[in-house]
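Asks: Numbering (the numbering used here), first residue to last: 51 to 384. Just so it is clear, CB atoms sit at the ideal spot from N, CA and C, and this is done for glycine as well. Just dropping this structure here.
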């Protein structure tokens, strides 16, 4: 490789030159000595080894490849949600001896007094300026079912408890099943905090009906919350159960200096799937797999482009952080 030279190719053959060397191989000098070796560019080396079927050289990058875009690392912000409908609790139950009429049951949490509103065949309207949503019934002859509740956890609500029900007999099948992309929903359930402010906090659950065993059932489509005039759509994070959220940024440096926070014991199944020794606290987007610790996520961000679980292209990384409670802060300071 110490001398300069050029690649030679015999016109009479596609694969071998006059002295029997494969295309792209170093050739002997004119005097028959083996000392002269050609010096190749990376592109020529790649062509040479690929033409000979060398899989061990597969790591050589194509010279035309563009640099990979480094995914963004995002930090979460904490939003206090005072009302929450537990999506797995939404049930549609047929009423005995009353065809086409159904009871609706759900379970919710409320840290403040709230109101439940139920819209059967409802329309969502999104304000262009604020992004906030409002809801109305599609059919004027229908009434919004409403009930107020005090604060409390795991509260149960059923239409039968207030002598109400959902009557399917007056609607065509096309209105009972959600059409993708539409702002008209077969069922909208709104939990709204009772407050005097203009934009009270609320959570909205959108659902559709579907046929099952010659009857109807209900399935949740999505949930939104409105807090301080901003709207957020709730998304499921796969693997968050048992995971350990990262410490708040403000307290990390101080906690490390004082040594007041002990090492966190990692429960079984909460480890990062890469290093297997740190708690997972980072989610891959858009697939929403929470499977990495902060250090491995930083390495993935710079050196890889796919989720280690599903191989989906990584567009961003989201690190889950929680705010420390006042009691926890006092214990750490003490």
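When DSSP builds the beta bridges, which residues end up paired with residue 262?
Replies: Paired residue(s): 265.
Asks: Can you tell me which residues form a DSSP beta bridge with residue 218?
Replies: In the DSSP output, where bridge partners are listed per residue, residue 218 has none listed.
Asks: Are the CB atoms of residue 170 and residue 237 nearer to each other than 8 Å?
Replies: Yes, the Cβ-Cβ distance between residue 170 and residue 237 is below 8 Å.
Asks: Can you round the beta-carbon distance between residue 226 and residue 159 to whole angstroms, since I take them to be within the 8 Å contact cut?
Replies: Not quite, the Cβ-Cβ distance comes to about 29 Å (not below 8 Å), so this is no contact.
Asks: Where does residue 104 fall in DSSP's three states?
Replies: Because residue 104 sits at a pLDDT of 48, beneath the cut-off of 50, its placement in the model cannot be relied upon, and the point is left open.
Asks: Drop a sphere of 10 angstroms on the beta-carbon of residue 275, count the other beta-carbons inside from all chains shown, and report buried for 16 or more, exposed for fewer.
Replies: The residue is buried, with at least 16 neighbouring Cβ atoms inside 10 Å.
Asks: Across the segment 351-366 and the segment 327-339, are there enough close Cβ pairs to call them in contact, namely three or more that are closer than 8 Å?
Replies: Result yes; three or more Cβ-Cβ pairs closer than 8 Å.
Asks: When you compare only the Cα positions, how much space is there between residue 367 and residue 324?
Replies: Near 15 Å, if we compare the C-alpha coordinates of residue 324 and residue 367.
Asks: Are three or more beta carbon pairs between the segment 212-222 and the segment 244-257 nearer than 8 Å?
Replies: As far as the Cβ criterion goes, the segment 212-222 does not touch the segment 244-257, which means the pair count is below three.
Asks: By DSSP's criteria, residue 153 is part of a beta bridge. Which residues make up the other side?
Replies: According to DSSP, which records beta bridges pairwise, residue 153 is partnered with 143.
Asks: Any idea what DSSP makes of residue 183, helix, strand or coil?
Replies: Three-state result, residue 183: strand.
Asks: Nearest to residue 266 by alpha carbon, out of 144, 235, 137 and 193?
Replies: Nearest of 144, 235, 137 and 193 to residue 266, Cα basis: 144.
Asks: So what's residue 80 in DSSP terms, helix, strand or just coil?
Replies: A caution first: residue 80 carries a pLDDT of 49, below 50, which makes its placement in the model unreliable, though a value can still be read off. Coil.
Asks: Taking three-plus beta-carbon pairs below 8 Å as touching, is the segment 192-210 in contact with the segment 275-289?
Replies: At 8 Å Cβ cutoff, the stretches do not touch.
Asks: Is residue 353 helix, strand or coil by DSSP?
Replies: If DSSP states are grouped into helix, strand and coil, residue 353 belongs with the helices.
Asks: Return yes when the C-beta of residue 315 is under 7 Å from any heavy atom of the ligand SAM, and no when it is not.
Replies: With respect to the ligand SAM, the structure offers nothing, as it holds no ligand at all.
Asks: Measure the C-alpha to C-alpha separation of residue 343 and residue 322 and round it to an integer number of angstroms.
Replies: Straight-line Cα distance between these residues: approximately 5 Å.
Asks: For residue 385 and residue 156, which I take to be in contact (beta-carbon distance under 8 Å), what is that distance rounded to the nearest angstrom?
Replies: Outside the displayed range of the chain (51 to 384) lies residue 385, so it cannot be described from this structure.
Asks: Am I right that residue 140 and residue 245 are in contact with their C-beta atoms under 8 Å? What's the rounded C-beta distance?
Replies: Not confirmed; about 25 Å, so no contact.
Asks: Going by DSSP, what residue range makes up the beta strand (DSSP E) through residue 226?
Replies: From DSSP, residue 226 is part of no beta strand (DSSP E) but of the alpha helix (DSSP H) over 223-226.
Asks: Per DSSP, what are the beta-bridge partners of residue 209 in this structure?
Replies: DSSP lists no partner for residue 209.
Asks: Let me know the secondary structure DSSP gives residue 346 once reduced to three states.
Replies: Helix.
Asks: Can you give me the C-alpha to C-alpha distance between residue 192 and residue 352, rounded to a whole angstrom?
Replies: Each residue's Cα considered, the two are about 56 Å apart.
Asks: Please state the DSSP three-state secondary structure of residue 137.
Replies: Helix.
Asks: Are residue 166 and residue 268 touching if we call contact CB-CB under 8 Å?
Replies: Their beta carbons are not under 8 Å apart, which means residue 166 does not touch residue 268 by this criterion.
Asks: Taking Cβ positions, are residue 133 and residue 243 nearer each other than 8 Å?
Replies: Taking 8 Å as the Cβ cut-off, residue 133 and residue 243 qualify as a contacting pair.
Asks: Applying the criterion that 16 or more other CB atoms from any shown protein chain within 10 Å of the CB defines a buried residue, is residue 333 buried or exposed?
Replies: Residue 333 should be labelled buried.
Asks: On the criterion of 16 or more Cβ atoms from any shown chain inside 10 Å, does residue 168 qualify as buried, or is it exposed?
Replies: Classification for residue 168: buried.
Asks: My assumption, with CB atoms under 8 Å, is that residue 163 sits in contact with residue 201. Please give the rounded CB distance.
Replies: About 6 Å; that satisfies the 8 Å criterion.
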